[in-house]
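Trainee: Okay, so the sequence shown: first residue is 176 according to the working numbering, each after it adds one.
Backbone N, C-alpha and C define an ideal beta-carbon position, used for all residues, glycine too.
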Amino acid sequence: AFSTDTKNVHQDIPVTQVDKIIDLESDKHLTKVAIELVEGATPLPLFVHPENALYIFGPEDGSIEQDVIDQCDEVVYIPTIGCMNLAATVNVLLYDRLAKTAVMPKDNSVIETSRDTNNRTKVNK
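#1: Give the range of the alpha helix (DSSP H) segment to which V213 is assigned.
#2: Out of I256, D194, R290, V208, which one is the CA nearest neighbour of L269?
#3: Looking at the structure shown, is I256 part of a helix, part of a strand, or coil, going by DSSP?
#4: DSSP three-state call for L199: helix, strand or coil?
#5: Taking just the CA atoms, how far does T206 sit from V265?
#6: Kindly identify the DSSP beta-bridge partner or partners of E240.
#7: Using DSSP bridges, identify the partner residues of T206.
#8: Grouping DSSP H, G and I as helix and E and B as strand, with all else coil, what is E287?
#9: Between V298, L261, K195, K203, which has its C-alpha nearest P211's C-alpha?
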């Protein structure tokens, strides 16, 4: 079920099934952000991530339905040549959010807590 989740992230981030992608009443405290290649969208490098976001990603080989796009507060696209698959899109978006909002430590703490248990490689300069 989560065999590729080697860090067991699924234990920290809830996954919830919903009947509607956007529930305007219960999601009113969230900024709804569609990530999709659509005309009029904001390029990701220019986008400022909201603190409380509900990111909605388009399906592979398809698009987010127009009525969902119309309910979003923001629509963002990742400028590439061609389209990316869903996993790549999510990774780029989340890295962009991290890079723009987080202060990364200058020591090795992130590396030490994030790397695979078999990786003990160092830069020797």
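Mentor: With the structure as the only source:
#1: Unbroken run through V213: none, as it is neither H nor E.
#2: V208
#3: coil
#4: coil
#5: 17 Å
#6: Partner(s): none; E240 has no beta bridge.
#7: A228
#8: helix
#9: Strictly speaking, residue 211 in this sequence is Glu, with Pro absent from that position. Per the Cα distances, L261.
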